[in-house]
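Q: Mind the numbering: the sequence shown is residues 1 to 313 in full-length UniProt numbering, read in order. We put the beta carbon where it would ideally sit given N, CA and C, even for glycine. Encoded as structure tokens, here's the structure I'll be asking about.
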Amino acid sequence: MTLVSYAQTTPATQLRDVPQEYVHKLVSAEVLLTGWAPAGEDRVTVTARWPRGHAFYEPVTGRHDPMLLAETLRQSIPLISHALYDVPLGHHLIWQHFTFEVAPDAMVLDSGPMDVELRITCGDITRRGGRLAALTMDIEILRDGRHLGTAHTRFSSNAPAIYRRLRGDRGTAPGATSPTPLTPPIPPAPAGRNHADDVVLSPTSQPHQWQLRVDQTHPILFDHPVDHAPGMLLLEAARQAAHAVQDPLGRPAFPIRFESAFFRYVEFDAPCLITAHVEPAAYPKGHQSISVTALQEDNEAFSCRVTLAHPAP
Numbered sequence: 001m002t003l004v005s006y007a008q009t010t011p012a013t014q015l016r017d018v019p020q021e022y023v024h025k026l027v028s029a030e031v032l033l034t035g036w037a038p039a040g041e042d043r044v045t046v047t048a049r050w051p052r053g054h055a056f057y058e059p060v061t062g063r064h065d066p067m068l069l070a071e072t073l074r075q076s077i078p079l080i081s082h083a084l085y086d087v088p089l090g091h092h093l094i095w096q097h098f099t100f101e102v103a104p105d106a107m108v109l110d111s112g113p114m115d116v117e118l119r120i121t122c123g124d125i126t127r128r129g130g131r132l133a134a135l136t137m138d139i140e141i142l143r144d145g146r147h148l149g150t151a152h153t154r155f156s157s158n159a160p161a162i163y164r165r166l167r168g169d170r171g172t173a174p175g176a177t178s179p180t181p182l183t184p185p186i187p188p189a190p191a192g193r194n195h196a197d198d199v200v201l202s203p204t205s206q207p208h209q210w211q212l213r214v215d216q217t218h219p220i221l222f223d224h225p226v227d228h229a230p231g232m233l234l235l236e237a238a239r240q241a242a243h244a245v246q247d248p249l250g251r252p253a254f255p256i257r258f259e260s261a262f263f264r265y266v267e268f269d270a271p272c273l274i275t276a277h278v279e280p281a282a283y284p285k286g287h288q289s290i291s292v293t294a295l296q297e298d299n300e301a302f303s304c305r306v307t308l309a310h311p312a313p
């Protein structure tokens, strides 16, 4: 991962507002980004504010949920696409791969909200017909000027006509967005959650295997209508599966690293199986790596390696 050093933090007076439609969220309270500013050719600074408490991204071991960072980075993708590269609203932005890592000590809760700064460098830019078709982002994340984490991601941008061709009947046929019947959740504690409504795994007859639970009424994961399972749902499934495998009793674990790849769309009209296994020890003491796979109609749709730590509260 290559990160470009920024000379200094962008002054708040130079930051531009973040239009809500640029982060693809319908509920204004779920917009985490607070400002952005160009920082050179294909570089941009983005600021965000994380609430001390969130209805879905709840604190973990006295720290902010790392999935808040994932959602912050996800919101940065459409913001940069629309604001910096003039991608029209209505184009479809699709994850190809996404890796991020956090320092647990930098995620400790404070008495109020936490402000973070993302220093983003864009590269490997592909254009089609003069418009952005794909790019890679390398991100350094800071809290009060101190290192909080890093991220690396690549995504594609598709015009509506191209997206319709990619989706075929799955995206346009009647019933394509109708889910399979909503299945019951596993108990919240093994999934690392406090509420059953936030569990995205359903039990199966096989150990370390679950069915993806797709609740399109969930107010956070399904903020707006989509025709396939969102990337944040798959990342949450990976986090919950990793938690369930590392400790079925539900004892706290803190995710510090996600390495994910998106191979195919996960559809609503067919079951998706989530499997997980603990990898051989390859990290320092106190860390554990779990490999998670999403399989639908005998095809691998998504994979993620989740690394967990057990830091002191």
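Helix, strand or coil for E300 per DSSP?
A: Locating residue 300 in the sequence shown gives position 300, counting from the first residue. In this structure, E300 counts as strand in the three-state DSSP scheme.
Q: For Q14, does the count of other Cβ atoms within 10 angstroms reach 16, so buried, or fall short, so exposed?
A: The sequence position of residue 14 within the sequence shown is 14, counting from 1. By the 10 Å Cβ count, Q14 comes out exposed.
Q: With burial defined as no fewer than 16 other Cβ atoms inside 10 Å of the residue's Cβ, what is the status of T307: buried or exposed?
A: In the sequence shown, the residue the question calls residue 307 occupies position 307. Result: buried.
Q: In whole angstroms, what separates the C-alpha of P313 from that of Y22?
A: On the sequence shown, residue 313 is found 313 positions in, with the first residue counted as 1. On the sequence shown, residue 22 is found 22 positions in, with the first residue counted as 1. Cα-Cα distance, rounded: 36 Å.
Q: When you compare only the Cα positions, how much space is there between L33 and R128?
A: The residue given as residue 33 occupies position 33 in the sequence shown. The residue given as residue 128 occupies position 128 in the sequence shown. Taking the straight line from one Cα to the other gives about 28 Å.
Q: List in chain order: all unbroken alpha helix (DSSP H) runs of 4+ residues lying wholly within the UniProt domain "A-factor biosynthesis hotdog" (192 to 299).
A: Here the runs fully enclosed are 231 to 246.
Q: DSSP three-state call for S111: helix, strand or coil?
A: Residue 111 sits at position 111 when you count from the first residue of the sequence shown. It is coil, neither helix nor strand.
Q: Since R134 is in the beta strand (DSSP E), which residue starts that stretch and which ends it?
A: As a working note, residue 134 is residue 134 in the sequence shown. Note that residue 134 is Ala in the sequence shown here, rather than Arg. R131 to R143 is the span of the beta strand (DSSP E), which, as asked, contains A134.
Q: Which same chain residues, not among the five before or five after Q96, have their C-beta less than 7 Å away from its C-beta?
A: One-based indexing of the sequence shown puts residue 96 at position 96. Result list for Q96: R154, F155, S156 and F262, in chain order.
Q: Give, in chain order, every unbroken run of the alpha helix (DSSP H) that is at least 4 residues long and sits entirely within the UniProt domain "A-factor biosynthesis hotdog" (22 to 155).
A: Counting whole runs of 4 or more residues, the UniProt domain "A-factor biosynthesis hotdog" (22 to 155) contains the alpha helix (DSSP H) stretches 66 to 85.
Q: What is the DSSP secondary structure of A309, reduced to helix, strand or coil?
A: If you number the sequence shown from 1, residue 309 lands on position 309. Looking at A309 - three-state DSSP - the assignment turns out to be strand.
Q: Can you tell me whether N299 is buried or exposed, with buried defined as 16 or more other CB within 10 angstroms of its CB?
A: For the purposes of this step, residue 299 is taken as residue 299 along the sequence shown, with counting starting at 1. By the 10 Å Cβ count, N299 comes out exposed.
Q: Where do the N-terminal and C-terminal ends of the alpha helix (DSSP H) with L166 fall, by residue?
A: Walking along the sequence shown from the start, residue 166 turns up at place 166. First-last of the alpha helix (DSSP H) with L166: P160 to R167.
Q: Look at the alpha carbon of I77 and the alpha carbon of H92, and state the distance between them as a whole number of angstroms.
A: If you number the sequence shown from 1, residue 77 lands on position 77. If you number the sequence shown from 1, residue 92 lands on position 92. Approximately 11 Å, taken between the alpha carbons.
Q: Please name the residue, chosen from P190, H277 and E297, that lies closest to R305 on a Cα-to-Cα basis.
A: Walking along the sequence shown from the start, residue 305 turns up at place 305. Nearest option by C-alpha distance: H277.
Q: With three or more beta-carbon pairs closer than 8 Å as the criterion, would you say the region 267 to 277 touches the region 111 to 122?
A: As far as the Cβ criterion goes, the region 267 to 277 does not touch the region 111 to 122, which means the pair count is below three.
Q: Checking 8 Å against the spacing of the C-beta atoms, do V18 and W36 come in under that value?
A: The residue you call residue 18 lines up with position 18 of the sequence shown. The residue you call residue 36 lines up with position 36 of the sequence shown. Yes; because the gap between Cβ atoms is below 8 Å, this pair is in contact.
Q: Hey, T50 and L68: beta-carbon distance below 8 Å or not?
A: Within the sequence shown, the letter at position 50 stands for residue 50. Within the sequence shown, the letter at position 68 stands for residue 68. It should be pointed out that residue 50 corresponds to Trp in this sequence rather than to Thr. Against a cut-off of 8 Å, the Cβ pair of L68 and W50 comes out as a contact.
Q: Should A151 and I139 be called a contact, given that it needs their Cβ atoms to be closer than 8 Å?
A: Counted from its first residue, the sequence shown places residue 151 at position 151. Counted from its first residue, the sequence shown places residue 139 at position 139. Yes. Within cutoff.
Q: Which partner residues does R16 have in the DSSP bridge list?
A: Counted from its first residue, the sequence shown places residue 16 at position 16. The partner list for R16 (beta bridge, DSSP) reads W36.
Q: Do L234 and E302 count as a contact pair if the criterion is CB distance below 8 Å?
A: Here residue 302 corresponds to residue number 302 of the sequence shown, with the count starting at 1. Here residue 234 corresponds to residue number 234 of the sequence shown, with the count starting at 1. Inspection of the sequence shows that residue 302 is occupied by Phe rather than by Glu. Yes, they are a contact pair.
Q: Closest by CA to M107, which one among L89, L142, R131 and V44?
A: Along the sequence shown, one-based indexing puts residue 107 at 107. Here the closest residue by C-alpha is L142.
Q: Is it buried or exposed for residue 314, if we count other Cβ within 10 angstroms and need 16 for buried?
A: Any property of residue 314 remains undetermined from this structure, which presents the chain solely from 1 to 313.
Q: Does the beta-carbon distance from residue 331 to E101 come in below 8 Å?
A: This structure leaves residue 331 out entirely; the chain is present only between 1 and 313.
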